[in-house]
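There are 2 protein chains.
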Amino acid sequence: MNIHDLDTPAILIDIETLEGNLSRMASYCRTNNLSLRPHTKTHKIPQIAHLQIQYGSTGITVAKLGEAEVMADAGITDILIVYPLWGEKKWARLAELAKRVRISVAMDSLAVAAGISRAAKAAGVEVGVRLEFDTGFRRCGLTADEESTSVAQQIMKLPNLRWEGISVYPGHIMGNESIREQDIARENVQLDCLYARLDAAGIPYPVVSGGNTPAAFESHRFHGITEIRPGTYVFNDRNTVDAESARYSDCAATALVTVVSTSVPGRAIVDSGSKTLAADMLLSGKQKHFGYIQNHPELILDGLSEEHGHLLTPADSQVRVGDRLRIVPNHVCPCINLHDQVFVVSGERVVDQWKVAARGKVA
Amino acid sequence: MNIHDLDTPAILIDIETLEGNLSRMASYCRTNNLSLRPHTKTHKIPQIAHLQIQYGSTGITVAKLGEAEVMADAGITDILIVYPLWGEKKWARLAELAKRVRISVAMDSLAVAAGISRAAKAAGVEVGVRLEFDTGFRRCGLTADEESTSVAQQIMKLPNLRWEGISVYPGHIMGNESIREQDIARENVQLDCLYARLDAAGIPYPVVSGGNTPAAFESHRFHGITEIRPGTYVFNDRNTVDAESARYSDCAATALVTVVSTSVPGRAIVDSGSKTLAADMLLSGKQKHFGYIQNHPELILDGLSEEHGHLLTPADSQVRVGDRLRIVPNHVCPCINLHDQVFVVSGERVVDQWKVAARGKVA
C-alpha cells in the first residue's frame, strides 16, 4: 500500500527516521556508559518498546500502571513506573504485575512506599523503589534535607522493597543550547548537594535516574547520572527542533492531512485539529503556531479547532481542496495518544500498522 | 458502587445535571420554535445521543464520518455531518451510510458536493446538502457574493443530492453577555446580507442551521435561524461558565482525581494532566488556569504535564496525598475524547458506565 491509499487524517511513522533516532540515542548512551530506560509514554506502542530494547535499552519507563500492564502483556520484562502510585487498588495491581516482570516505582513520599510495601508483602513479591528528588522543576520530588534523608532511611527498612537509588526529572531544562549551558551548571549544584546529603546519611544510590529529551545528548555533563529516561527522542517534534536537539529531518511522526476548505480568503482548512494533533503550544512559547507543515514553510498552522486546522496561506498560495500535507506536531506525545493506530511508512510505502496499545490507560 | 470505589483518574457524569442541561435546551428550543440538532462531538456517547433525541432533538450533528457510522450503528437515524468530506473513500462510505439513515452534509465547495453526488448516484441513494457560509469566524464557509450563489445553484442541480438550505457557525461569538450584545448585532447584518443575496438569486433556504453553546439561549435573536447545533451544553465546562452561559452547578462532567504528591512547597500534584483533562486554555484567554477544582476555589490548577496536574496551594492548605478532588475541565469536548469510558453518577452513587464509542474515529 502507498500513503496515497490511506484516508486522512492518519499518523505516519517514518521507519528509517525512527530507527535513526533509536540508534543515535543508544550509541550515545553506550559511549557515555549510561543506562537507557526510554519513557514509552511518547508512543505507547509495544512494537517500538521492543525496538528500543533491541537497540540496547535496559528496560522501559512508563507513567501509568495501565501502561505497564500493556507493556508486560506484550513481553517487556523490566519496567519503571516513574509515578507516585496511590491507593489499595493500584498497589494490588502493582503487586500482581511484580509476579511476572521486574518492576520499579519512583515516588516521593513514605506513604506511597508503605502502601506498595504492604501490597508486595501480601503478594510475596519484591518491588524496586527509587526516591524522587526535585532539582528545580517543582513538580514531584523531595528537597534534599534531613527530613528527606530520614524518609529514605525509613523506606529502605520497609519489607519487600528493593532500594535502587534516586530519581530526578530535569523538566525545566528545555531551552536551546545557550540556555542549557547555565541550566546544566545550576543542575549540577543541586545534584552535588543531593549527593552530599545522601553520603552524609549513609544512603546508597547505585541508580541516579534522570534525563529528558531536550538535554539527552548532554547527559554525560550532569554529575553522577547513571540512567536517562528520554521519551520524545523516538519521534522528535516541533518542541525538540525548537530546543535545537533535533532537525525537522529527524521528526519520524507526522500527521497526513487533507485540505478540505479554501473558502475564506487567506486561509486553508485541513482535516486535523486539536483532536488529531493535540492543542499544546510550544514549550518555549516562542511562536504561537500549532505544528510545522513539511515542505511548505510558507504555510502557517495558526489555530486549531477540534477537527479543523487553520492554515494561513500567502496571497500566491496554490493550496487547493484535496491537497495532502504532512504536519510535524508541536508535542508528539499527546498527539499519538489521540490515535488508535499509526501507519509505519518507508518513503511512500506503508509497511506496517501498529496499535497504540497503551493509549487510554489513564489509571 | 460508590464513587469512592472508583480508581482515578475517572470521568464522572452527574446524571441529574446532564438531564437538567438537556431539558433546559430542549425547552428553550420548543418555546422559540427552533430545531435542535445537538453536536455530539462533545460526548461521542450513543446513550447521550439517544437521551438528546428523547428530549426532542430533530437529529444529531457530528464532525466526522466515523462518528456518524458509530451513531448509526447505535440506532440514531438522522445525522448531519457538518464537515466538508473529501475523497473517494469517504464519499463511498457516506453513500453506504445513506442506505440506512437519513444523512446530510454541510460543505463549502462545489468539488465536495460533486464528489458526494457522484458516490450517491452510484449507490442509488440521496444525501442532504447544506451550503456553509462564513459570518465572521473565518474557518469554513463561503462569502455571500455572486460567485457563491452560483455555487449554490450548481449544487442544487447535482443528482442525488437533497438541497436542505444553508449552514453558518458563529464560533466567534463566545464572550460574555455584554460582548455578545454587539456580536449579535454584527451577526444579524451578515445574515441579512446573506438572505438578500440568496433571495435575489432565487435560492431557497428552508433550513438555516447555526448556533454554538455560548450563545445558544439567544438563538431566537439571530435573524432567520431555524436550527441550532450546540454541543458543549450537555456537560458545560469552565469555558461556558466563563462565557456566563452556565454556572459551575450546571457542569455535569468532572474528572475525579487523586493527590499523589505534596513534596514541593506550595504545590500539590494530582494524577491528571493534559492526557486526562486536555491542554486547552480558556477561549477568552482571561485566566491561565487549566480547570476548576470543585468545592476548593482556593486551589489553582496552574499547569499540566501529561500525567500531572500542578495545583498551587495556599500556605494553610490541608491537601494531603490520597485526597480526592473533582475538576471541571476548561474544554470538556477534547477531555472526554481522551477517555474510553465515563462513569454515570447520581450523587455519590455510580449508576452506569458508558463507552465513549465514537472516540478515536478521526477519519
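Residue numbers (numbering that gives the first Met the number 0), protein chains in the order written: chain A, 0 to 362; chain B, 0 to 362. No residue lacks a Cβ here, since even glycine has one placed at the ideal position from N, Cα and C. Only a predicted model underlies this, so the values are computations on that prediction, with no experimental measurement involved.
Exercise. Between the region 26 to 46 of chain B and the region 112 to 126 of chain A, do at least 3 Cβ pairs fall closer than 8 Å?
Worked result: Contact fails between the region 26 to 46 of chain B and the region 112 to 126 of chain A, because fewer than three Cβ pairs, one in each stretch, are under 8 Å apart.
Problem set entry | Test: methionine 332 of chain A CB closer than 7 Å to a CB of chain B | Locating residue 332 of chain A in the first sequence gives position 333, counting from the first residue. This sequence places cysteine at residue 332 of chain A; methionine is not what is there. Chain B places a beta carbon closer than 7 Å to that of cysteine 332 of chain A, counting this residue as a contact.
Exercise. Which first and last residues belong to the alpha helix (DSSP H) in which histidine 49 of chain A is found?
Worked result: Residue 49 of chain A sits at position 50 when you count from the first residue of the first sequence. It spans 45 to 53 - the alpha helix (DSSP H) in which histidine 49 of chain A sits, taken as one unbroken run.
For this session: Please name the residue or residues paired with phenylalanine 342 of chain A in a DSSP beta bridge.
Result: Reading the first sequence from its first residue, position 343 is the one you call residue 342 of chain A. Beta-bridge partners assigned by DSSP to phenylalanine 342 of chain A: A:Leu11 and A:Gln352.
For this session: Run the CB neighbour count on lysine 63 of chain A, radius 10 Å, all protein chains shown included, and call it buried at 16 or more, exposed below.
Result: Along the first sequence, read from residue 1 onward, the residue named residue 63 of chain A stands at position 64. Per the 10 Å Cβ criterion, buried.
Problem set entry | Where methionine 106 of chain A sits in the DSSP three-state scheme | Here the question's residue 106 of chain A lines up with position 107 in the first sequence. DSSP places methionine 106 of chain A in strand when its eight states are reduced to three.
For this session: Taking only beta carbons into account, state which residues of the region 79 to 95 of chain A come closer than 7 Å to chain B, listed in chain order.
Result: Of all residues in the region 79 to 95 of chain A, Tyr82, Pro83, Trp85, Gly86, Lys88 and Lys89 have a Cβ within less than 7 Å of some Cβ in chain B.
For this session: Closer than 7 Å, Cβ to Cβ, to anything on chain B: give me those residues from the region 296 to 328 of chain A, in chain order.
Result: The residues in question are Ser304, Glu305, Glu306, His307, His309, Val320 and Gly321.
For this session: Starting from the N-terminal side, write out each stretch of the beta strand (DSSP E) that is 3 residues or longer and does not extend beyond the region 74 to 129 of chain A.
Result: Taking only runs of at least 3 residues, the beta strand (DSSP E) segments lying wholly in the region 74 to 129 of chain A are 77 to 80 and 101 to 106.
For this session: Please list, in chain order, all residues of the same chain as proline 313 of chain A whose beta carbon is under 7 Å from its beta carbon, the five residues on each side excluded.
Result: Numbered from 1 along the first sequence, position 314 holds the residue referred to as residue 313 of chain A. So the qualifying residues of the chain are Glu297.
Exercise. Cβ-heavy atom distance between cysteine 334 of chain B and the ligand GDP below 6 Å?
Worked result: What this structure holds is no ligand at all, so the ligand GDP is not there to describe.
Exercise. Would you call the region 318 to 331 of chain A and the region 249 to 264 of chain A in contact, with 3 or more CB pairs under 8 Å?
Worked result: Three or more beta-carbon pairs drawn from the region 318 to 331 of chain A and the region 249 to 264 of chain A are found closer than 8 Å, and the two stretches are therefore classed as touching.
Problem set entry | C-alpha gap between histidine 446 of chain B and isoleucine 299 of chain B, whole angstroms | Examination of residue 446 of chain B is not possible in this model, given that chain B is present from 0 through 362 alone.
Exercise. Looking at glycine 164 of chain A and arginine 129 of chain A, is the spacing between their C-beta atoms short of 7 Å?
Worked result: As a working mapping, residue 129 of chain A is identified with position 130 in the first sequence. As a working mapping, residue 164 of chain A is identified with position 165 in the first sequence. Taking C-beta atoms as the reference points, arginine 129 of chain A and glycine 164 of chain A count as a pair closer than 7 Å.
For this session: Determine the closest residue to glycine 284 of chain A out of A:Ala277, A:Arg323 and A:Ala242, with distance taken between C-alpha atoms.
Result: On the first sequence, position 285 is the one that residue 284 of chain A refers to. Here the closest residue by C-alpha is A:Ala242.
Exercise. Would proline 8 of chain B count as contacting chain A if we go by Cβ distances under 7 Å?
Worked result: As a first step, residue 8 of chain B must be located in the second sequence, where it is residue number 9. It does: the Cβ of proline 8 of chain B has a partner Cβ on chain A nearer than 7 Å.
For this session: Please list the residues of the region 182 to 196 of chain B that have a C-beta atom closer than 9 Å to any C-beta atom in chain A, keeping them in chain order.
Result: Within the region 182 to 196 of chain B, no residue has a Cβ that lies closer than 9 Å to any Cβ of chain A.
For this session: Report all residues from its chain with a CB closer than 8 Å to the CB of glutamine 352 of chain B; omit the five preceding and five following residues, and keep chain order.
Result: As a first step, residue 352 of chain B is located in the second sequence; it is residue number 353 there, counting from the start. Gln340, Val341, Phe342 and Val343.
For this session: Could you please give me the residues that DSSP links to serine 208 of chain B through a beta bridge?
Result: Here the question's residue 208 of chain B lines up with position 209 in the second sequence. For serine 208 of chain B, DSSP records a beta bridge to B:Ser166 and B:Glu226.
For this session: Determine the closest residue to histidine 295 of chain A out of A:Ser316, A:Glu306, A:His309 and A:Met280, with distance taken between C-alpha atoms.
Result: Taking the first sequence and counting its residues from 1, one reaches residue 295 of chain A at position 296. Per the Cα distances, A:Ser316.
Exercise. Quick one: is glutamate 306 of chain B buried, meaning 16 or more other Cβ sit within 10 Å of its Cβ, or exposed?
Worked result: In the second sequence, counting from the first residue as 1, residue 306 of chain B sits at position 307. Taking a 10 Å sphere around the C-beta of glutamate 306 of chain B, we find 16 or more other C-beta atoms and assign the residue as buried.
Problem set entry | Identity of the residue in A:Pro83, A:Trp90 and A:Lys98 nearest aspartate 72 of chain A by Cα | Counted from its first residue, the first sequence places residue 72 of chain A at position 73. When only C-alpha atoms are compared, the closest one is A:Lys98.
For this session: Measure the alpha-carbon distance for valine 207 of chain A versus lysine 360 of chain B and round it to whole angstroms.
Result: Here residue 207 of chain A refers to the residue found at position 208 when the first sequence is read from its first residue. Here residue 360 of chain B refers to the residue found at position 361 when the second sequence is read from its first residue. One Cα belongs to valine 207 of chain A, the other to lysine 360 of chain B, and the distance between them is close to 42 Å.
Problem set entry | Endpoints, beta strand (DSSP E) assigned at isoleucine 154 of chain B | Here the question's residue 154 of chain B lines up with position 155 in the second sequence. Segment 145 to 156 is the alpha helix (DSSP H) holding isoleucine 154 of chain B; no beta strand (DSSP E) there.
Exercise. For aspartate 133 of chain A, which residues in chain B fall below 7 Å Cβ to Cβ?
Worked result: As a working note, residue 133 of chain A is residue 134 in the first sequence. Per Cβ cutoff of 7 Å: Ser262 and Val263.
For this session: Measure the alpha-carbon distance for aspartate 107 of chain A versus isoleucine 59 of chain A and round it to whole angstroms.
Result: Here residue 107 of chain A corresponds to residue number 108 of the first sequence, with the count starting at 1. Here residue 59 of chain A corresponds to residue number 60 of the first sequence, with the count starting at 1. Approximately 20 Å between the Cα atoms of the pair.
Problem set entry | Which of helix, strand or coil DSSP assigns to valine 318 of chain A | Counting from one through the first sequence, the residue named residue 318 of chain A turns up at place 319. Three-state result, valine 318 of chain A: coil.
Exercise. I think arginine 36 of chain B touches threonine 16 of chain B, with their Cβ atoms under 8 Å apart; what is that distance to the nearest whole Å?
Worked result: Locating residue 36 of chain B in the second sequence gives position 37, where the first residue counts as 1. Locating residue 16 of chain B in the second sequence gives position 17, where the first residue counts as 1. About 22 Å; that fails the 8 Å criterion.
Exercise. For methionine 70 of chain A, does the count of other Cβ atoms within 10 angstroms reach 16, so buried, or fall short, so exposed?
Worked result: For the purposes of this step, residue 70 of chain A is taken as the residue at position 71 of the first sequence. Classification of methionine 70 of chain A: buried, given that the 10 Å Cβ count is 16 or more.
Exercise. When you compare each of A:Ile268, A:Val104 and A:Thr148 to alanine 195 of chain A by their alpha carbons, which one comes out closest?
Worked result: Translated into the one-based positions of the first sequence, residue 195 of chain A becomes position 196. Of the residues A:Ile268, A:Val104 and A:Thr148, the one whose Cα lies closest to the Cα of alanine 195 of chain A is A:Thr148.
For this session: Please name the residue, chosen from B:Gly230, B:Thr134 and B:Met173, that lies closest to arginine 185 of chain B on a Cα-to-Cα basis.
Result: Within the second sequence, numbered from 1, the residue matching residue 185 of chain B stands at position 186. B:Thr134 is the residue among B:Gly230, B:Thr134 and B:Met173 whose C-alpha sits nearest the C-alpha of arginine 185 of chain B.
Exercise. In terms of residues, what are the limits of the alpha helix (DSSP H) holding alanine 71 of chain A?
Worked result: Here residue 71 of chain A refers to the residue found at position 72 of the first sequence. Element bounds for alanine 71 of chain A: 64 to 72.
For this session: Kindly indicate which residue of A:His222, A:Ala215 and A:Pro264 has the alpha-carbon position closest to the one of asparagine 235 of chain A.
Result: Numbered from 1 along the first sequence, position 236 holds the residue referred to as residue 235 of chain A. For asparagine 235 of chain A, the nearest C-alpha among the options comes from A:Ala215.
Problem set entry | Contact under 7 Å by Cβ, leucine 311 of chain B with aspartate 301 of chain B | Working through the second sequence from its first residue, we reach residue 311 of chain B at position 312. Working through the second sequence from its first residue, we reach residue 301 of chain B at position 302. The beta carbons of leucine 311 of chain B and aspartate 301 of chain B sit closer together than 7 Å.
Problem set entry | Where serine 260 of chain A falls: helix, strand or coil (DSSP) | Here the question's residue 260 of chain A lines up with position 261 in the first sequence. Serine 260 of chain A falls in the strand class under three-state DSSP.
Exercise. What's the C-alpha gap between glutamate 145 of chain B and methionine 173 of chain B?
Worked result: By 1-based counting over the second sequence, the position of residue 145 of chain B is 146. By 1-based counting over the second sequence, the position of residue 173 of chain B is 174. Each residue's alpha carbon lies about 30 Å from the other.
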